[in-house]
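Asks: The structure follows.
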Amino acid sequence: MDAIPKEELFRRIGYGGDPEAAEQVLEWAGLSRPAKRAIHPDKEEAVREALEAAFFWVCNRGDCRAEAERRAAGRTVVPAAEPAACQVCGGSVNQRRVDEMVAACTARGWRRLVVVGGSPNARDELRANVAGRLELRLLDGTTARTAKQARGDLAWADVVVVWGSTQLDHKVSNLYRGPKVIALHRRSIQELATEVARAAGA
Numbered sequence: 063m064d065a066i067p068k069e070e071l072f073r074r075i076g077y078g079g080d081p082e083a084a085e086q087v088l089e090w091a092g093l094s095r096p097a098k099r100a101i102h103p104d105k106e107e108a109v110r111e112a113l114e115a116a117f118f119w120v121c122n123r124g125d126c127r128a129e130a131e132r133r134a135a136g137r138t139v140v141p142a143a144e145p146a147a148c149q150v151c152g153g154s155v156n157q158r159r160v161d162e163m164v165a166a167c168t169a170r171g172w173r174r175l176v177v178v179g180g181s182p183n184a185r186d187e188l189r190a191n192v193a194g195r196l197e198l199r200l201l202d203g204t205t206a207r208t209a210k211q212a213r214g215d216l217a218w219a220d221v222v223v224v225w226g227s228t229q230l231d232h233k234v235s236n237l238y239r240g241p242k243v244i245a246l247h248r249r250s251i252q253e254l255a256t257e258v259a260r261a262a263g264a
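Each residue of the sequence shown is one higher than the one before, starting from 63 at the first, in our numbering.
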């Protein structure tokens, strides 16, 4: 396999900072000399490890940059090659907020979340963002549910979100009442996750 330009490899890894600074790290790690413009792809994993040990790359969002300063642990904060490479949000504000929600729920001892409503795509994205870290019941708000089923959901859950302003029948939402229930009147996953995290921290 042919050698590839180092700057191309840096971008592939996610590093968008000063190439000269990255070159210095590679030299210190014994992986390459600055005089060499290209590097063999077999070294990609070693290059990644060396750069991740020295740098923390982040997108240009202010909240991500602030979080990066907190999490960098002595590493130099540098720009990410693209938003998807951001080591805080991965290019997704939703993912970051869900990560914060999961952390808050875990700290509170909450393991089970019921969400009533939301579009099929939103429920799929939320499930993907949570990635098995919480037990979920994501209920179609347009499908009839009995009072007995709702009582079972409330007994099972640590917290229930009734996701208003989405695909949600009032005959379904009215079944969910009580101290475990958060009535959310915004549509986004980001706002859902923020409200659950706030409740967990209360």
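All residues carry an ideal CB built from backbone N, CA and C; glycine is no exception.
Which residue's Cα is closest to the Cα of D64: I75, I101 and F117?
Replies: I101
Asks: Closest to R248 by C-alpha separation, out of D231, L237 and V223, would be which residue?
Replies: The shortest Cα separation from R248 among D231, L237 and V223 belongs to V223.
Asks: Less than 8 Å separating the beta-carbons of L22 and V139?
Replies: This structure leaves residue 22 out entirely; the chain is present only between 63 and 264.
Asks: What does a CB cutoff of less than 7 Å around R158 pick up in its chain, not counting 5 residues either side in sequence?
Replies: V150 and C151
Asks: Report the CB separation of G179 from G203 in whole angstroms; it is logged as a contact under 8 Å.
Replies: 3 Å
Asks: Which parts of the stretch 94 to 179 are runs of the alpha helix (DSSP H), unbroken and 4 residues or longer, counting only runs that do not cross its ends?
Replies: 106 to 116, 124 to 133 and 155 to 170
Asks: P141 and R119 - do their beta-carbons sit closer together than 8 Å?
Replies: Just to set this straight, residue 119 is Trp in the shown sequence, not Arg. Closer than 8 Å, so yes.
Asks: Alpha carbons only, please: which of T208, P103, L230 and A130 is nearest the one belonging to I66?
Replies: If we check each option's Cα against that of I66, P103 comes out closest.
Asks: Give me whichever residues DSSP pairs with L198 in a beta bridge.
Replies: For L198, which the question treats as bridged, DSSP gives the partners L175.
Asks: Got a sec, what are the start and stop residues for the beta strand (DSSP E) L246 sits in?
Replies: Here the beta strand (DSSP E) through L246 covers V243 to L246.
Asks: Could you give the residue range of the alpha helix (DSSP H) that holds S235?
Replies: H232 to S235
Asks: If you compare alpha carbons, which of R123, A212, E89 and D125 is closest to A108?
Replies: E89
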